[in-house]
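Residues in the sequence shown are numbered consecutively from 81, following this note's numbering.
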Amino acid sequence: MSEKEQLFQAWLDGNLNEQQSQRLEALASEDEELRSRLAAARYIEQQVHGYEAHTPENWDPASIMGEAQAPWWQWPGLSLASLACSCFAIALVLLNVQVTSQQDGFAITFGSSSNSIDEQKLEQLLDQCLQQFAAEQEIVLANYVSDFKDQQQANNLQLAGYLLTATRQERQEDISHFIQYVDEQRSEDALDNKLKYQRLEYALQTQAIKQGMGEQFQQTKFNDEDE
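Shown next, in the form of structure tokens:
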């Protein structure tokens, strides 16, 4: 391991003295790669030390999807009551009920079959009642969906906050493992480059030796021919 690798590893472990720190800074000023590694490690260290742990609040995950108290307009009997009123109004029209005011009170009379409304008016009245009932049901359904979305969004925010708090420690450990992996990878690359350099040097030396032996053999052959 080279000197700068040793100093960098010692700096990560917090085992540098003042003289070694100065030496590391001097090497970093000359080596762009070492300077970038120091900057990245210092940034990560700053982020780690700047983190403040928060203890998550005690809460019951099962209570997230608990049933909330339904508002008055979601009362199940409201639709039946609306339908009953519509049917009652239709019955009054079909029976031609008339209410008249008299001196001694009110009188309710039912018209004869000859005075009943025609079929077209009856269909129009039925359509109006059905349209009114459908509109009321759409309003009830829209309000229910809106409340459900609000409740679901609140539950999602609470769950996301809990997961974010719980995973901060794991993220800190992942950062430490990542720095260690980068150091190990750089050490392996340095060793691999060194082996390649040694192989190249050995190949050059072998080639030079072969060339020297060939020249010596050729010179010896020429001397024998002259004699």
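Quick reminder that beta carbons are idealized off the backbone N, C-alpha and C, glycines included.
Residue environment: F258 is assigned as exposed (fewer than 16 neighbouring CB atoms within 10 Å of its CB, all protein chains considered).
S82 carries a coil assignment under DSSP once its states are collapsed to helix, strand and coil. One Cα belongs to L206, the other to I170, and the distance between them is close to 7 Å. With a cutoff of 9 Å on beta-carbon distance, E85 and S267 are scored as near each other. In this structure the segment 157–174 lies against the segment 216–223, because at least three pairs of beta carbons, one per stretch, are closer than 8 Å.
A residue is called buried once 16 or more other Cβ atoms fall within 10 Å of its Cβ, and A119, having fewer, is exposed. Residue burial annotation: A108 is buried, with at least 16 other C-beta atoms found within 10 angstroms of its C-beta.
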